[in-house]
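Mapping to our numbering: the sequence shown position 62 is 62, numbers consecutive. As structure tokens, the structure follows; a few thoughts come after it.
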Amino acid sequence: MPSNDVIQHHLSIFFLSPNTVALRIKDARSIPEFNFFINDPNFLRLIINFGETRSRIAYLKEMKIKCTSLSVLCYKPEQFIAFLQQGLNMHRHEEVTKFIQQLLGSHSRRIGVNLKKHVHHRCVNLSRIEDNYEYLRELNFSREAIINAIPVLLYSRGKVKAAYESARDYLKGDGTEIEHLNLILYFMEREHHFTGNGIWNHTENA
1 MPSNDVIQHH LSIFFLSPNT VALRIKDARS IPEFNFFIND PNFLRLIINF GETRSRIAYL
61 KEMKIKCTSL SVLCYKPEQF IAFLQQGLNM HRHEEVTKFI QQLLGSHSRR IGVNLKKHVH
121 HRCVNLSRIE DNYEYLRELN FSREAIINAI PVLLYSRGKV KAAYESARDY LKGDGTEIEH
181 LNLILYFMER EHHFTGNGIW NHTENA
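Below is the structure:
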């Protein structure tokens, strides 16, 4: 439930009927690109402009622009056109940091600092980050360990899983969680000479 302060910044929500708001929220939850921002204070902006933002998501998908952000979806028309003309398929650093902070339930500054250690951190789809976070939590890695090895969230689940198996065999149960995650990063980047290019799949760039 949005706070009173958030609602006060989006008073035009009251021009919509309760039924319309409820239906839009229900639809938004079924669309992954919307669902990423469900806990963002500006989520109400998506609900208010639901038709336009949903059309933008469909268009960005058609253009194979995978790095969709809340700010882009809420741009004024002239800003959105300028964004498309730039042809940049990447997030702003602040957007990725904020998303991960919300995902981990932490406002630690180390998240942004550690994220910058990976040269391509702005080029990854948010769904991949969320998927890897859930996978690492299933493996019982703590949030604190993940914060200290945050670039591990940027890789495909398949690569993380394969590297996890290699790291587990190598450590044989020894080592801390952070050492384990850093070893996973090592195995994923070793064949790419530690350039950060291990995040790319053969069929996509995010």
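For each residue, glycine too, the CB sits at the ideal point set by N, CA and C.
Roughly how many whole angstroms lie between the Cα atoms of residue i and residue j?
| i | j | result |
| --- | --- | --- |
| His118 | Gly196 | 6 Å |
| Arg45 | Glu179 | 41 Å |
| Arg29 | Asn35 | 5 Å |
| Leu84 | Leu171 | 47 Å |
| Ile13 | Val21 | 8 Å |
| Gly158 | His120 | 18 Å |
| Asp40 | Gly87 | 25 Å |
| Leu16 | Thr53 | 16 Å |
| Phe37 | Asp169 | 37 Å |
| Asn98 | Leu115 | Position check: residue 98 holds Lys in this sequence, whereas Asn was assumed. Each residue's Cα considered, the two are about 11 Å apart. |
| Tyr135 | Phe141 | 9 Å |
| Phe80 | Val72 | 7 Å |
| Gly51 | Val124 | 26 Å |
With 16 as the cutoff for other CB atoms within 10 Å, does residue i come out buried or exposed?
| i | result |
| --- | --- |
| Pro151 | buried |
| Glu113 | Correcting the residue identity first, residue 113 is Val in this sequence and not Glu. So Val113 ends up on the exposed side. |
| Ala149 | buried |
| Leu11 | exposed |
| Lys26 | exposed |
| Arg128 | buried |
| Tyr164 | buried |
| Asn19 | exposed |
List the whole-angstrom C-beta distance separating residue i from residue j, where the pair is believed to meet the contact cut-off of C-beta under 8 Å.
| i | j | result |
| --- | --- | --- |
| Arg137 | Val96 | Not a contact, Cβ separation roughly 19 Å. |
| Met188 | Gly175 | Contact doesn't hold; Cβ gap of about 17 Å is too wide. |
| Ala167 | Leu183 | 4 Å |
| Leu104 | Arg143 | 5 Å |
| Tyr133 | Ile146 | 7 Å |
| Ile100 | Leu153 | 7 Å |
| Ser69 | His91 | 5 Å |
| Ile57 | Glu78 | That belief does not hold up - the Cβ atoms of Ile57 and Glu78 are roughly 19 Å apart, past 8 Å. |
| Asn49 | Cys67 | Not a contact, Cβ separation roughly 20 Å. |
| Ile65 | Asn42 | That belief does not hold up - the Cβ atoms of Ile65 and Asn42 are roughly 20 Å apart, past 8 Å. |
| Arg219 | Ile47 | No information on residue 219 is available, as it lies outside the stretch 1 to 206 that the chain covers here. |
Any chance you could list the alpha helix (DSSP H) runs of at least 4 consecutive residues sitting entirely within the stretch 85–109, in chain order?
93–104
Run through the stretch 42–76 for me and flag every whole alpha helix (DSSP H) of 4 or more residues, listed as ranges in chain order.
43–48, 50–62 and 70–73
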